[in-house]
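Asker: Going by full-length UniProt numbering, the first residue of the sequence shown is number 1, and it counts up by one from there.
The beta carbon of each residue, even a glycine, is placed where N, CA and C say it ideally should be.
It should be emphasised that the depicted structure is a prediction, and the values quoted were computed from it without experimental measurement.
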Amino acid sequence: MARNVLDDPLLNKGTAFTLDERARLGLDGLLPPAVETLDEQAARAYGQFRRQPTDLAKNVFLGALQDRNEVLFHRLLADHMREMLPIVYDPTVAEAIKNYSHEYRRPRGVYLSIDDIDGIERALGNAGLGRGDVDLIVASDAEQILGIGDWGVGGGAGIAAGKLAVYTAAAGIDPARVIPVALDVGTDNEALLNDRLYVGLRHARVRGERYDAFIDAYVSAATRLFPEAMLHFEDFGPGNARRILEKYTGRVPAFNDDMQGTGAIVLAAVLAAVRISGTPLREQRIVVFGAGTAGIGIADQLRDAMVRDGLDREPATRRIWAVDQQGLLCDDMPDLRDFQRPYARPGDEVAGWAMGGSGVGLAEVVRRVRPTVLLGTSTAGGAFTEEIVKAMAAEVDRPVILPISNPTERMEARPDDVIRWTDGRALVATGVPADPVEHDGVTHVIGQANNAMVYPGLGLGTVVSRARRISDGMLQAAAEAVAGMVDVATPGASLLPEVENLRIVSATVAVAVARRAAEEGLARVELGNPVQQVQDAMWEPAYRPADGR
Ligand SMILES: NC(=O)c1ccc[n+]([C@@H]2O[C@H](COP(=O)([O-])OP(=O)(O)OC[C@H]3O[C@@H](n4cnc5c(N)ncnc54)[C@H](O)[C@@H]3O)[C@@H](O)[C@H]2O)c1
Ligand SMILES: O=C(O)C[C@H](O)C(=O)O
Ligand SMILES: [Mg+2]
1 MARNVLDDPL LNKGTAFTLD ERARLGLDGL LPPAVETLDE QAARAYGQFR RQPTDLAKNV
61 FLGALQDRNE VLFHRLLADH MREMLPIVYD PTVAEAIKNY SHEYRRPRGV YLSIDDIDGI
121 ERALGNAGLG RGDVDLIVAS DAEQILGIGD WGVGGGAGIA AGKLAVYTAA AGIDPARVIP
181 VALDVGTDNE ALLNDRLYVG LRHARVRGER YDAFIDAYVS AATRLFPEAM LHFEDFGPGN
241 ARRILEKYTG RVPAFNDDMQ GTGAIVLAAV LAAVRISGTP LREQRIVVFG AGTAGIGIAD
301 QLRDAMVRDG LDREPATRRI WAVDQQGLLC DDMPDLRDFQ RPYARPGDEV AGWAMGGSGV
361 GLAEVVRRVR PTVLLGTSTA GGAFTEEIVK AMAAEVDRPV ILPISNPTER MEARPDDVIR
421 WTDGRALVAT GVPADPVEHD GVTHVIGQAN NAMVYPGLGL GTVVSRARRI SDGMLQAAAE
481 AVAGMVDVAT PGASLLPEVE NLRIVSATVA VAVARRAAEE GLARVELGNP VQQVQDAMWE
541 PAYRPADGR
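This is the structure we're talking about:
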């Protein structure tokens, strides 16, 4: 019995159990005699962290710490956010996912198998949580993990755990009230299928009706067991992400991070850029390179924001040019996805534009369109070449350049290059963390346009208001709250708030989101004082009395 306390990361305090607690819980003799404070434990753990030889080893170390002691893990993360967020989350999380089956030590969360659809409810129930005990479930089928593709069960488990660690670090979502879920539908990754140590289902990805039935069974079971939980969907493939969201969004608090979270953070960066450059949103010309889940999710939010800025829907849509592998998307292309179609250009518009082997390429689009905003969501590392960036900068005073593909090697351009090529005029933000760039006496701080700036606060606002669904208005409120926190007066200041301020940003976003949910009649609780309610809801990494949980 006593051992259970030491083995449960949500209850374990290790050497911080007081003598009184040790006596009461039957832990006498099971711990070394010193009674330590959380500060002392954190100092030891930080030393251990620093002694790890590689980023992957650091990630594994922190995962193991979380498995032992959730409070200590989160305390360490909170104290060293800038140093540790890139280890727990982007970019190192990508490496951890690739190595999941080799570094595997313990399970975390729930693993649902497409080969056992009937077992889904039982498996979710085995998490041991009651009807009112779950605020949030993050699930992934791992078909498009970050920019690295299909990573099977480790992708799902790894990204869900990474996102949840950020939810707690950034927004104080209670780690006892969440479930990471790996939706294992098989994998098309040959390397995994042929790896002796692979811990997932050893068959190809299941698609079609059986896949849809599996997702449906997951959503039904999750909402039946945990009717208050928000359902976060992460890193699904382009054929499923939007379809799933559209199917469930009217019925449950479903959220697709890659479409909606990313849309909101990029909108926030563009709104900040608009304040800096003075060119109204409705006059921007936007080129989206990589018209997949994230790219078109962002396009949709930028279009809606231009509509709010006074344009009709059609002219707003016309201010966005989408480029994918087949070049500029045009309406005579036979292979467009449904969600790309609204952005396809009429064929006669591009008559006379230079065509390469794969349609009208990015360089030609930039030359013809003279974009004010260039967004990269293509996974094509280095695609924003010097020639392209310089061509853009030749036409625009403050070009907004956002290479937000993850992880690092997928970034469309490096921020130091972009600043240099544009002689310091570009307004830049990237998906992964980037060092500041010195240029001509100005320090350019590179904002991190990662959905991590938005989804934790959005989730907290949803949890506090118990919103019955997540509306466009709530996403808009989140984006505006982030943009409102940016310093637009100092030359070189970041387009987005700093990672150190993530908790303040998340709380601010949460209040805005909860208020909007209430205004739209979506809140299921009374929001008398949302500022205080958000503060009260934020879990802190501190020990509680041993039997207090
Ligand atoms: N910063 C963030 O918060 C954030 C959020 C979501 C996604 N992302 C990143 O965006 C990227 C895309 O993610 P997604 O979920 O949209 O994936 P996706 O597969 O849905 O979309 C990628 C799109 O890029 C296209 N593409 C691939 N190679 C290309 C090339 N050479 N030229 C032009 N187009 C090309 C693909 O055809 C596809 O349409 C990933 O790197 C991901 O990490 C970043
Ligand atoms: O997970 C991230 O770091 C951002 C985003 O959701 C992505 O898929 O790249
Ligand atoms: Mg993602």
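Can you give the beta carbon distance from Asp150 to Ala142, rounded, assuming they're within the 8 angstroms contact cut?
Answerer: Between Ala142 and Asp150 the Cβ distance is about 7 angstroms, and since that is below 8 angstroms, they are a contact.
Asker: Using the C-alpha atoms, what's the distance from Thr92 back to Ile159?
Answerer: Rounded to whole angstroms, Ile159 to Thr92 spans 11 angstroms at the Cα level.
Asker: Indicate the three-state DSSP secondary structure (helix, strand or coil) for Met230 in the structure shown.
Answerer: It is a strand residue.
Asker: What does the Cβ neighbour count give for Ala477, buried or exposed, with the cut at 16 atoms within 10 Å?
Answerer: Burial call: buried.
Asker: How about Ala294: is its Cβ closer than 6 angstroms to a heavy atom in ligand 1?
Answerer: Correct: Ala294 has its Cβ closer than 6 angstroms to ligand 1.
Asker: Which residue from Leu19, Pro415, Ala449 puts its Cα closest to that of Val437?
Answerer: Answer by Cα proximity: Pro415.
Asker: Do you know how far the Cα of Arg75 is from the Cα of Met84?
Answerer: Computed Cα separation, rounded: 11 angstroms.
Asker: Work out the CA separation of Pro497 and Pro541 for me, nearest whole Å.
Answerer: Their Cα atoms are separated by approximately 23 angstroms.
Asker: For Gly376, write down the residues that DSSP places opposite it in a beta bridge.
Answerer: BP columns for Gly376 point to Phe289, Pro403.
Asker: Please return the same chain residues whose Cβ sits closer than 6 angstroms to the Cβ of Val219, not counting the five positions on each side in sequence.
Answerer: So the qualifying residues of the chain are Tyr248.
Asker: Cα-Cα, which of Arg177, Gly186, Ala43, Glu526 is closest to Leu112?
Answerer: Among Arg177, Gly186, Ala43, Glu526, the Cα nearest to that of Leu112 is on Gly186.
Asker: So Lys163 and His80 are in contact, right, with Cβ under 8 angstroms, and what is the actual spacing, rounded?
Answerer: No, Lys163 and His80 are not in contact; Cβ-Cβ is about 19 angstroms, not under 8 angstroms.
Asker: Mind checking whether the beta-carbon of Asn529 lies closer than 6 angstroms to any heavy atom of ligand 2?
Answerer: Not under cutoff, so the answer is no.
Asker: I believe Ala182 touches Gly261 by the beta-carbon criterion, under 8 angstroms. Please report the beta-carbon distance rounded to the nearest angstrom.
Answerer: With 8 angstroms as the limit, Ala182 and Gly261 do not qualify as a contact, their Cβ atoms being about 20 angstroms apart.
Asker: At a threshold of 6 angstroms, does Asn450 count as lining ligand 1 (C-beta to nearest heavy atom)?
Answerer: Result yes, Cβ under 6 angstroms from ligand 1.
Asker: With a threshold of 16 other CB atoms inside 10 Å of the CB of Ala449, please say whether the residue is buried or exposed.
Answerer: Result: buried.
Asker: Excluding the 5 residues flanking Pro175 on each side, which residues of the same chain have their C-beta closer than 8 angstroms to its C-beta?
Answerer: Correct list, in chain order: Leu10, Glu70, His74, Leu164, Thr168, Trp539.
Asker: From the DSSP output, in three-state form, read off Ile117 for me.
Answerer: Helix at Ile117.
Asker: Which residues mark the beginning and the end of the alpha helix (DSSP H) in which Trp421 is found?
Answerer: Run containing Trp421: 415-421, per the alpha helix (DSSP H) assignment.
Asker: Since Ala426 is in the alpha helix (DSSP H), which residue starts that stretch and which ends it?
Answerer: First-last for Ala426: undefined, no H or E at that position.
Asker: In the structure shown, what three-state DSSP assignment does Gln448 receive?
Answerer: Residue state, collapsed to three classes: strand.
Asker: Going by DSSP, which residues form a beta bridge with Pro180?
Answerer: Note: Pro180 sits in a beta bridge opposite Val138.
Asker: Check this for me: beta carbons of Thr293 and Pro346, under 7 angstroms apart or not?
Answerer: Not in contact: Thr293 and Pro346 (Cβ atoms no closer than 7 angstroms).
Asker: Which residue spans inside the stretch 319-401 form an unbroken beta strand (DSSP E) run of at least 3?
Answerer: Runs of the beta strand (DSSP E) inside the stretch 319-401: 320-324, 373-376.
Asker: Indicate the three-state DSSP secondary structure (helix, strand or coil) for Pro436 in the structure shown.
Answerer: In this structure, Pro436 counts as coil in the three-state DSSP scheme.
Asker: Please work out which residues of its chain come closer than 8 angstroms, Cβ to Cβ, to Gly548, disregarding the five sequence neighbours upstream and downstream, and give them in chain order.
Answerer: Any reading at Gly548 must be qualified, since the residue scores a pLDDT of 43, below 50, and its modelled position is unreliable; the value itself is stated next. Around Gly548: no qualifying Cβ.
Asker: With 7 angstroms set as the bound, which would you pick, yes or no: does the beta-carbon of Gly347 sit closer than that to a beta-carbon of chain C?
Answerer: Of the protein chains in the structure, only one exists, and it is not chain C.
Asker: Measuring straight from C-alpha to C-alpha, what distance separates Asp338 and Ala546?
Answerer: The straight-line gap from Cα to Cα measures roughly 54 angstroms.
Asker: Within a Cβ cutoff of 8 angstroms, which residues of the same chain sit near Pro32, ignoring the five residues on either side of it in sequence?
Answerer: Answer for Pro32: Thr15, listed in chain order.
Asker: Based on DSSP bridge pairs, tell me the residues matched to Ile145.
Answerer: Its beta-bridge partners are Gly149.
Asker: In angstroms with no decimal places, state the Cα-to-Cα distance between Leu460 and Val509.
Answerer: Approximately 8 angstroms between the Cα atoms of the pair.
Asker: With the cut-off set at 7 angstroms, would you say Val373 and Val400 are in Cβ contact?
Answerer: Yes, they are a contact pair.
Asker: Going by other Cβ atoms of all chains shown within 10 Å of its Cβ, with 16 needed for buried, is Pro107 buried or exposed?
Answerer: With fewer than 16 other Cβ atoms within 10 Å, it is exposed.
Asker: Out of Thr37, Val525, Val323, which one is the CA nearest neighbour of Leu19?
Answerer: It is Thr37.
Asker: Whole angstroms are fine: how far does the CA of Ala222 sit from the CA of Tyr198?
Answerer: Rounded to whole angstroms, Tyr198 to Ala222 spans 27 angstroms at the Cα level.
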